[in-house]
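Trainee:
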Amino acid sequence: MNIAAGSNRSSRIAGFHKLSPRDRLDLVAAFAGLDDAQVAHLANMGNLDPVLADKLIENVIGTMNIPVGVATNMKIDGEDVLVPMATEESSVVAAVCNAAKQVYETGFLTSVSGNLMIAQVQAVEVADPAGARIRILEKRDEIKAACDACDPVLVSLGGGFRDLEVRLLDTPSGTMVVTHLIVDTRDAMGANAVNTMAEKLAPSIAAWSGGRVYLRILSNLADRRLARARAVWKAADIGGEAVRDGIVSAYEFAAADPYRAATHNKGIMNGISAVVLATGNDTRAVEAGAHAYAARSGRYTSLTTYEVDKDGNLSASIELPLAVGLIGGATKVHPTARACLAILGVTTAERLARIIAAVGLAQNFSALKALATTGIQKGHMALHAQNIAMMAGAVGEEIDRVARLLVERASVRMDVAQKVLEEVRGS
Ligand code: NAD
27 MNIAAGSNRS SRIAGFHKLS PRDRLDLVAA FAGLDDAQVA HLANMGNLDP VLADKLIENV
87 IGTMNIPVGV ATNMKIDGED VLVPMATEES SVVAAVCNAA KQVYETGFLT SVSGNLMIAQ
147 VQAVEVADPA GARIRILEKR DEIKAACDAC DPVLVSLGGG FRDLEVRLLD TPSGTMVVTH
207 LIVDTRDAMG ANAVNTMAEK LAPSIAAWSG GRVYLRILSN LADRRLARAR AVWKAADIGG
267 EAVRDGIVSA YEFAAADPYR AATHNKGIMN GISAVVLATG NDTRAVEAGA HAYAARSGRY
327 TSLTTYEVDK DGNLSASIEL PLAVGLIGGA TKVHPTARAC LAILGVTTAE RLARIIAAVG
387 LAQNFSALKA LATTGIQKGH MALHAQNIAM MAGAVGEEID RVARLLVERA SVRMDVAQKV
447 LEEVRGS
């Protein structure tokens, strides 16, 4: 095939999207000067059918394999669950297993606020915003009928339009009239479902408001789709009162300080995003919702809380929006996602959200416990040492040997790893 694009290194490649993944790869290889091993590696699509990969996104040349690990010891609402987690970060799966082990007897208790998604329709240049708001609210029945007509399948499954809100937003260019369509999307994440409804209603909203409609899209701040989990770790099971108090203090730090809260919540999302990804759900949608919810008071804060209960034990909880589904997006078509959903044994999006919330809490407990006691690096080091060993060039059995020596010498560094690898190879 013609790979002339590589010689002048132009990124303007006419018809690139129409090529097969393999032909695109050849062009990219010529452009970037990839060697044969790199091309062969990218051409190996692993366990994702190239035809499917090419349909999921645009301009596909390969796939990115991320390990799927399984968190054990999880008991959620009285039921034992094995939780698949897709992540490239070491220690994340182990952290969930450890936290869950220390509370296995009672496990995690969960709840949800519902399956409601919000779609926004933005109207601008409205002469009488307050009047427009009332005029739109008066059309509730008409709006419900129009929304439900967009998705008879959803309605037949018990979902569909539920509520209407109209908000007035003061902006530099005047008051905007923002209509919220509140829709039960059942076992779908619901983005496409509610976006279709918002687009359908836009001309009517423009007419009723007398303004112009611009944006018509869901809000990822899915605060009517909250998932919650709680657990009580017995002080005796987690190393005593000093550890318990250290965890509470770590939480209070995050609750009071956005600099700490960002890292605290990042740790929570280590667990949450891993299950969201493993099940083919939209990690960015869940992350955007989580962080927006963490800032809902106007100040960014912790998604979890930790208190000492009346028995002196550690009472912990988490609450965040979790717009995940079992249908739509990659959930139904990606074979790995389907298999992961089968491992979880979930039959509703609600149950999936509950499990994910529990994983977030477990993850956070482990991180805080490590931080409040030995520090995060001790637990991380064994796995981190393996990464460093691999980066230094260790292969096969060398990886464990080099990693062990790095940890023993308390020096998990690339330069040391290279020397240790030479020793191992010379021995
Ligand atoms: P979808 O439109 O593919 O599927 C949902 C539809 O499936 C429903 O409308 C319904 O008609 C049907 N359905 C069948 N069985 C159902 C059941 N049991 N419960 C509910 N619906 C059922 O998917 P979606 O969930 O509307 O959209 C999700 C996708 O949208 C994700 O891939 C996401 O990445 C993407 N997306 C996200 C954003 C965002 O988050 N800002 C924006 C646009 C698109």
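Numbering (our numbering) for the sequence shown: 27 to 453. Cβ coordinates follow ideal geometry from the N, Cα and C atoms, glycine included. From a predicted model like this one, the values you see are computed outputs, not experimental measurements.
Does the pairing of the segment 253-272 with the segment 147-156 give three or more beta-carbon distances under 8 Å?
Mentor: no
Trainee: Note down, in chain order, each residue of its chain lying with its Cβ closer than 6 Å to the Cβ of SER343, except the 5 sequence neighbours on either side.
Mentor: Here residue 343 refers to the residue found at position 317 of the sequence shown. ARG256 and THR331.
Trainee: I'd like the list of long-range same chain contacts for MET440, defined as Cβ closer than 8 Å, with 5 residues on each side in sequence excluded.
Mentor: One-based indexing of the sequence shown puts residue 440 at position 414. The answer, listed in chain order, is ILE414, MET417 and ALA418.
Trainee: For ligand 1, I want to know if MET295 counts as a neighbour, meaning its beta carbon is within less than 8 Å of at least one of the ligand's heavy atoms.
Mentor: Counting from one through the sequence shown, the residue named residue 295 turns up at place 269. No, since every heavy atom of ligand 1 falls outside the 8 Å radius drawn around the Cβ of MET295.
Trainee: By how many angstroms is the C-alpha of ALA153 removed from the C-alpha of ALA379?
Mentor: One-based indexing of the sequence shown puts residue 379 at position 353. One-based indexing of the sequence shown puts residue 153 at position 127. Taking the straight line from one Cα to the other gives about 42 Å.
Trainee: If we ignore side chains and look at the alpha-carbon of each, how far apart do ALA31 and ALA55 end up?
Mentor: Numbered from its first residue, the sequence shown carries residue 31 at position 5. Numbered from its first residue, the sequence shown carries residue 55 at position 29. Because ALA31 sits at a pLDDT of 43, beneath the cut-off of 50, its placement in the model cannot be relied upon, and the point is left open.
Trainee: For ARG251, does the three-state DSSP call read helix, strand or coil?
Mentor: Position 225 of the sequence shown, counting from 1, holds the residue named residue 251. Coil at ARG251, not helix or strand.
Trainee: Per DSSP, what kind of secondary structure is ASP213 in: helix, strand or coil?
Mentor: Within the sequence shown, numbered from 1, the residue matching residue 213 stands at position 187. Assigned with DSSP and collapsed to three states, ASP213 falls in coil, not helix or strand.
Trainee: Provide the residue span of the beta strand (DSSP E) that contains SER437, from first to last.
Mentor: Here residue 437 refers to the residue found at position 411 when the sequence shown is read from its first residue. Neither: SER437 is in no beta strand (DSSP E) and is coded neither H nor E.
Trainee: Roughly how many angstroms lie between the CA atoms of GLY354 and ARG35, to the nearest whole one?
Mentor: As a first step, residue 354 must be located in the sequence shown, where it is residue number 328. As a first step, residue 35 must be located in the sequence shown, where it is residue number 9. Computed Cα separation, rounded: 38 Å.
Trainee: Count the other CB atoms, across all protein chains shown, that sit within 10 Å of the CB of ASP167; report buried if there are 16 or more and exposed otherwise.
Mentor: Within the sequence shown, numbered from 1, the residue matching residue 167 stands at position 141. Its Cβ having fewer than 16 others within 10 Å, ASP167 is exposed.
Trainee: Bridge partners for PRO110 per DSSP, in chain order?
Mentor: Within the sequence shown, the letter at position 84 stands for residue 110. DSSP output for PRO110 lists VAL96 as bridge partner(s).
Trainee: Just to confirm my understanding: we take ALA388, look at its own chain, exclude 5 residues before and 5 after, and list those with CB closer than 6 Å. What are they?
Mentor: Numbered from its first residue, the sequence shown carries residue 388 at position 362. Correct list, in chain order: VAL122, ALA125 and ALA126.
Trainee: Over what stretch of residues does the beta strand (DSSP E) that includes THR136 continue unbroken?
Mentor: On the sequence shown, residue 136 is found 110 positions in, with the first residue counted as 1. 135-138 is the extent of the beta strand (DSSP E) around THR136.
Trainee: Give every residue of the same chain whose Cβ lies closer than 7 Å to the Cβ of LEU183, excluding the five residues on either side of it in the sequence, and list them in chain order.
Mentor: Taking the first residue of the sequence shown as 1, we reach residue 183 at position 157. Closer than 7 Å at the Cβ level, and outside the excluded window around LEU183, lie ARG212.
Trainee: I'd like the list of long-range same chain contacts for ALA314, defined as Cβ closer than 6 Å, with 5 residues on each side in sequence excluded.
Mentor: For the purposes of this step, residue 314 is identified with residue 288 of the sequence shown, where counting begins at 1. In chain order, ASN246 place their CB closer than 6 Å to the CB of ALA314, counting only its own chain and leaving out the 5 sequence neighbours on each side.
Trainee: Tell me the rounded alpha-carbon separation between GLN444 and SER116.
Mentor: Here residue 444 corresponds to residue number 418 of the sequence shown, with the count starting at 1. Here residue 116 corresponds to residue number 90 of the sequence shown, with the count starting at 1. Computed Cα separation, rounded: 21 Å.
Trainee: Would the beta-carbon of ILE353 be found less than 8 Å away from any heavy atom of ligand 2?
Mentor: Summarising the ligand content, the structure contains ligand 1 and does not contain ligand 2.
Trainee: In the DSSP assignment, what residue or residues form a beta bridge with ASP103?
Mentor: Within the sequence shown, residue 103 is the residue found at index 77, counting from 1. Paired residue(s): none; ASP103 is not in a bridge.
Trainee: Ordered along the chain, which non-local residues of its own chain (more than five positions away) have a Cβ less than 6 Å from that of VAL129?
Mentor: As a position in the sequence shown, residue 129 is number 103, starting the count at 1. Counting only Cβ-Cβ distances below 6 Å, and skipping sequence neighbours, we find ALA257 and TRP259.
Trainee: List the DSSP bridge partners of TRP259.
Mentor: Taking the sequence shown and counting its residues from 1, one reaches residue 259 at position 233. DSSP, once it has assigned bridges, lists LEU340 as partnering TRP259.
Trainee: Short check: CB of ILE243 to CB of ASN390, under 9 Å?
Mentor: Translated into positions along the sequence shown, residue 243 becomes position 217. Translated into positions along the sequence shown, residue 390 becomes position 364. Result no, Cβ atoms of ILE243 and ASN390 do not sit closer than 9 Å.
Trainee: Could you check whether ALA375 and ASN141 sit closer than 9 Å to each other, using their CB atoms as the reference points?
Mentor: Here residue 141 refers to the residue found at position 115 of the sequence shown. Here residue 375 refers to the residue found at position 349 of the sequence shown. In this structure, ALA375 lies closer than 9 Å to ASN141 by Cβ.
Trainee: Ends of the beta strand (DSSP E) at VAL150?
Mentor: Walking along the sequence shown from the start, residue 150 turns up at place 124. Unbroken beta strand (DSSP E) run through VAL150: 142-150.
Trainee: So, for VAL438: in the same chain, excluding its five sequence neighbours on each side, which residues have a beta-carbon less than 7 Å away from its beta-carbon?
Mentor: Position 412 of the sequence shown, counting from 1, holds the residue named residue 438. Result list for VAL438: MET407, HIS410, ALA411, ILE414 and LEU432, in chain order.
Trainee: Measuring CB to CB, does THR113 end up less than 9 Å from SER299?
Mentor: As a first step, residue 113 must be located in the sequence shown, where it is residue number 87. As a first step, residue 299 must be located in the sequence shown, where it is residue number 273. It is a contact, given that the beta carbons lie within the stated cut-off.
Trainee: Where in the segment 350-374 do unbroken runs of the alpha helix (DSSP H), each at least 4 residues long, occur, reported from the N-terminal end onward?
Mentor: Those alpha helix (DSSP H) runs which fall completely within the segment 350-374 and span 4+ residues are 361-370.
Trainee: So with Cβ pairs under 9 Å, would you call VAL239 a contact of chain C?
Mentor: The question asks about chain C, but that chain is absent: this structure has only one protein chain.
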